Amino acid sequence: MKKALAIDVGGTKIYNTVINENGEIISEIEKRHTPKTFAEIESLFKEIIKKYENEVDVIAFATCGAVNNTNDGILGSTGNIAKEYPTMNFKSLSSKRVFVENDANAAAWAEHILGASKGMPYSVMITLGTGVGGGIILDNKLYKGKNGAAGEMHFKMRTDKHRKCTCGAYDCFESYASGTGLKRTAEEMLNNKDVTTYDVIDGWKNGDAKMTAIHDKWQNDILEGLIGLANIFDPDVLVLSGSMAEFVDTEYLTEKVNSEIVTTPTKVVKAQTGNYSGMLGAALLALGVKD
Ligand SMILES: [Zn+2]
Numbered sequence: 394m395k396k397a398l399a400i401d402v403g404g405t406k407i408y409n410t411v412i413n414e415n416g417e418i419i420s421e422i423e424k425r426h427t428p429k430t431f432a433e434i435e436s437l438f439k440e441i442i443k444k445y446e447n448e449v450d451v452i453a454f455a456t457c458g459a460v461n462n463t464n465d466g467i468l469g470s471t472g473n474i475a476k477e478y479p480t481m482n483f484k485s486l487s488s489k490r491v492f493v494e495n496d497a498n499a500a501a502w503a504e505h506i507l508g509a510s511k512g513m514p515y516s517v518m519i520t521l522g523t524g525v526g527g528g529i530i531l532d533n534k535l536y537k538g539k540n541g542a543a544g545e546m547h548f549k550m551r552t553d554k555h556r557k558c559t560c561g562a563y564d565c566f567e568s569y570a571s572g573t574g575l576k577r578t579a580e581e582m583l584n585n586k587d588v589t590t591y592d593v594i595d596g597w598k599n600g601d602a603k604m605t606a607i608h609d610k611w612q613n614d615i616l617e618g619l620i621g622l623a624n625i626f627d628p629d630v631l632v633l634s635g636s637m638a639e640f641v642d643t644e645y646l647t648e649k650v651n652s653e654i655v656t657t658p659t660k661v662v663k664a665q666t667g668n669y670s671g672m673l674g675a676a677l678l679a680l681g682v683k684d
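Residues 394 to 684 in the working numbering are what the sequence shown spells out, letter by letter.
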């Protein structure tokens with residue numbers, strides 16, 4: 394059976410493991426802090442690859458940043474990682490084939506093959522974390538757009554330039570639906586800059602009325618985005634992943650989405666493939682595993 398060395402590259406951590414065509418993790422999962430400089434990141438990649446490349450068929454990266462349609466390079470800037478990172482020549486890192494995909498796209502593929510959207514040709518995955526990521530599967534294929542950058546969840550929630558987004562524009566879905574968005578909703582509703590995402594979640598869990606109102610506002614902002622996505626894509630399912638997905642009520646969201654869309658009924662569900670979904674999806678894509 395074919396195997397991939399999977400490497401997940403985020404702004405703070407880099408993970409790696411070996412994954413087979415069945416999507417089984419078959420070696421230890423190694424975890425390191427993402428080095429600060431481009432040279433250190435490149436030499437860490439070489440070190441990981443040297444250790445495993447003789448036992449695998451392909452090297453599969455799930456990375457922060459949009460990835461081109463030839464799956465070998467990064468388009469544009471990538472946020473909180475060394476600024477030269479997008480110039481990485483991934484192919485030069487190994488004599489074996491090297492395959493690169495965006496982490497959210499890879500995670501959407503893992504859900505499509507192994508998880509919550511398995512057996513469903515049309516799905517949109519929304520990753521709710523510090524920011525918001527997205528991955529779109531149409532007709533059983535990952536939808537990447539003309540150059541590979543599709544699936545960015547930066548569309549407007551309001552038009553009065555209320556909140557600045559990480560992308561530089563105002564009022565994107567990300568700036569409301571993310572964990573950071575929840576904190577900003579809390580800051581506005583409590584008129585307190587020091588409130589944290591944790592304070593809101595903890596208060597909501599304990600039935601505090603103010604924190605519950607903030608949580609519900611955040612969840613309804615997510616709902617507005619899901620309605621738009623369902624209307625645009627008519628998906629079988631909308632999959633919510635990431636650390637903040639734990640705190641939403643998918644039954645409530647499914648009911649509300651279906652009561653407001655002009656397309657056909659859909660479902661809002663939570664992702665099932667866990668913290669290593671990026672590595673799983675990148676490995677399955679690199680190994681050519683389709684449904
Ligand atoms: Zn934005």
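Glycine included, C-beta positions come from ideal geometry on N, C-alpha and C. Bear in mind that the values here come from a model prediction, so they are computed numbers and not experimental data.
> In its own chain, which residues sit with a C-beta less than 8 Å from the C-beta of Thr657, not counting the 5 before and 5 after it?
Replying inline: As a position in the sequence shown, residue 657 is number 264, starting the count at 1. Only Asp627 meet the Cβ criterion.
>> Helix, strand or coil for Asn599? Go by DSSP, reduced to three states.
In response: Residue mapping note: residue 599 aligns to position 206 of the sequence shown, counting from 1. Three-state result, Asn599: coil.
>> Quick check: the Cα distance between Ile620 and Asn409, rounded to an integer number of angstroms?
In response: Working through the sequence shown from its first residue, we reach residue 620 at position 227. Working through the sequence shown from its first residue, we reach residue 409 at position 16. Those two C-alpha atoms are separated by around 36 Å.
> Are Ala459 and Gly469 touching if we call contact CB-CB under 8 Å?
Replying inline: By one-based count along the sequence shown, residue 459 stands at place 66. By one-based count along the sequence shown, residue 469 stands at place 76. Contact: yes.
> How close, in whole Å, do the beta carbons of Arg556 and Arg577 come, if the pair is a contact with beta carbons under 8 Å?
Replying inline: Here the question's residue 556 lines up with position 163 in the sequence shown. Here the question's residue 577 lines up with position 184 in the sequence shown. 6 Å between Cβ atoms; contact.
>> In the DSSP assignment, the alpha helix (DSSP H) including Ser568 goes from what residue to what residue?
In response: Against the sequence shown, residue 568 aligns to sequence position 175. Run containing Ser568: 567-570, per the alpha helix (DSSP H) assignment.
> Grouping DSSP H, G and I as helix and E and B as strand, with all else coil, what is Phe454?
Replying inline: Residue 454 sits at position 61 when you count from the first residue of the sequence shown. Phe454: strand per DSSP, three-state reduction.
> Can you name, in chain order, every residue of its own chain whose Cβ lies under 6 Å from the Cβ of Lys537, other than the five neighbours on each side?
Replying inline: For this step, residue 537 is matched to residue 144 along the sequence shown. Asn462, Ala543, listed in sequence order.
>> By alpha-carbon positions, which one of Asn447, Asn473, Val411, Lys424 ends up nearest to Phe431?
In response: Residue numbering aside, residue 431 sits at position 38 when the sequence shown is read from its first letter. Among Asn447, Asn473, Val411, Lys424, the Cα nearest to that of Phe431 is on Asn473.
> Would you say Ala562 touches ligand 1, meaning its beta carbon is less than 7 Å from a heavy atom?
Replying inline: In the sequence shown, residue 562 corresponds to position 169, counting from 1. Yes; taking the cut-off as 7 Å, the Cβ of Ala562 has a heavy atom of ligand 1 nearer than that.
> Which residues in the same chain have their Cβ closer than 7 Å to the Cβ of Ile441, if we skip the five residues on either side of it in sequence?
Replying inline: Here residue 441 refers to the residue found at position 48 of the sequence shown. So the list reads Ile400, Asn409, once near-sequence residues are dropped.
>> Here's the rule: buried if 16 or more other CB atoms are within 10 angstroms of the residue's CB, otherwise exposed. What is Gly527?
In response: Working through the sequence shown from its first residue, we reach residue 527 at position 134. By the neighbour-count rule (16 or more Cβ atoms within 10 Å), Gly527 is buried.
>> Here's the rule: buried if 16 or more other CB atoms are within 10 angstroms of the residue's CB, otherwise exposed. What is Gly667?
In response: Translated into positions along the sequence shown, residue 667 becomes position 274. Exposed is the call here.
> Which runs of the alpha helix (DSSP H) spanning at least 4 residues fall entirely within the segment 618-662, listed in chain order?
Replying inline: 643-653
> Per the contact definition of three or more C-beta pairs closer than 8 Å, is the segment 420-440 in contact with the segment 477-493?
Replying inline: yes
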